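J.:
In my numbering, the protein residues as written are 135 to 216.
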């Protein structure tokens with residue numbers, strides 16, 4: 135049950151917060167988004183997810199992937215330590 139809750143929380147973070155951070159970083163570094171603004175950016179991201187675009191799914195699942203990489207690294211380091 136704990137793993138399911140963690141996955142769900144990381145998925146929601148990747149679905150709702152990460153695209154916002156990408157949008158904000160894009161505005162700061164490259165200037166205004168040429169589309170329909172913030173809502174258009176989200177709409178395009180969700181449309182790409184529906185069509186199965188791998189980059190959109192990677193963005194959404196990347197917080198969970200990072201969590202798994204950190205967990206695996208900690209376990210591997212603890213085995214080499216002893």
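The beta-carbon is built from N, C-alpha and C at its ideal position, and this holds for glycine as well. No experiment lies behind these values; they were computed from the predicted model shown.
(1) Excluding five sequence neighbours on each side, which residues of the same chain lie with their C-beta closer than 8 Å to the C-beta of residue 172?
(2) Taking only runs that begin and end inside the stretch 145-179, name each unbroken alpha helix (DSSP H) of 4 or more residues, in chain order.
(3) Measuring alpha carbon to alpha carbon, tell me which of 197, 177, 166 ends up nearest residue 146.
(4) Taking the Cβ atom as the reference point for each residue, do residue 201 and residue 142 lie within a distance shorter than 7 Å?
(5) Spatial neighbours of residue 175 within its chain, please: CB distance less than 7 Å, with the 5 preceding and 5 following residues excluded, ordered by chain position.
(6) Excluding the 5 residues preceding and the 5 following residue 288 in the sequence, name in chain order all residues of the same chain whose CB lies nearer than 8 Å to its CB.
(7) Are the CB atoms of residue 190 and residue 183 within a distance shorter than 7 Å?
T.: Short version:
(1) Translated into the one-based positions of the chain shown, residue 172 becomes position 38. Contacts found: 154, 157.
(2) 152-164
(3) Within the chain shown, numbered from 1, the residue matching residue 146 stands at position 12. With distances taken between Cα atoms, residue 146 lies closest to 197.
(4) For this step, residue 201 is matched to residue 67 along the chain shown. For this step, residue 142 is matched to residue 8 along the chain shown. Contact flag unset, no.
(5) Working through the chain shown from its first residue, we reach residue 175 at position 41. Only 153, 157, 167, 169 meet the Cβ criterion.
(6) Nothing can be reported for residue 288: it is not among the residues displayed for the chain, which extend from 135 to 216.
(7) In the chain shown, counting from the first residue as 1, residue 183 sits at position 49. In the chain shown, counting from the first residue as 1, residue 190 sits at position 56. Going by C-beta atoms, residue 183 is nearer than 7 Å to residue 190.
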